[in-house]
Amino acid sequence: MKKILLLLASGTAMLLMGCAAVPGAKEGEVAPKISKYGDELRWDNVGSFGPVPPALAMTAAADCATLNKADTKYVATGYHSKALDLNGKPFPGGGYFCTKQ
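Sequential numbering from 57 applies to the sequence shown in this note's numbering.
This is the structure:
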């Protein structure tokens, strides 16, 4: 099963394709990092995303909603405060793991 995975950090969205995976019950010590696999960008450690903190729920929902289409809705299913970009640097404010609902 394939899912569309998405990173949102500081209002910038990066569409990521990858195999279905789910965030963990809590934020992991090892931050998830975007990696390039051929022409695709994927998270290397989806299980390291934890739940979206209640204080960030509205921001997460709004950021993921920027990807919505008439027949497709995206929701934030994970958050990591130190999610890393392609260069291994943390995204300011962390990153959201959004999935197509």
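Virtual Cβ for every residue (Gly too), placed ideally from N, Cα, C. Remember, it's a predicted structure, so these values are computed and weren't measured experimentally.
At a Cβ-Cβ threshold of 8 Å, tyrosine 135 and proline 107 count as neighbours. Under the DSSP assignment, threonine 115 falls in the alpha helix (DSSP H) whose first and last residues are 113-121. Counting the other Cβ atoms within 10 Å of the Cβ of lysine 125 gives fewer than 16, which makes it exposed. A Cβ-Cβ distance of about 7 Å is found for the pair phenylalanine 153 and valine 102, placing them in contact under the 8 Å criterion. Under DSSP, no beta-bridge partner is assigned to glutamate 85.
When only Cα atoms are considered, leucine 112 and lysine 156 end up about 19 Å apart.
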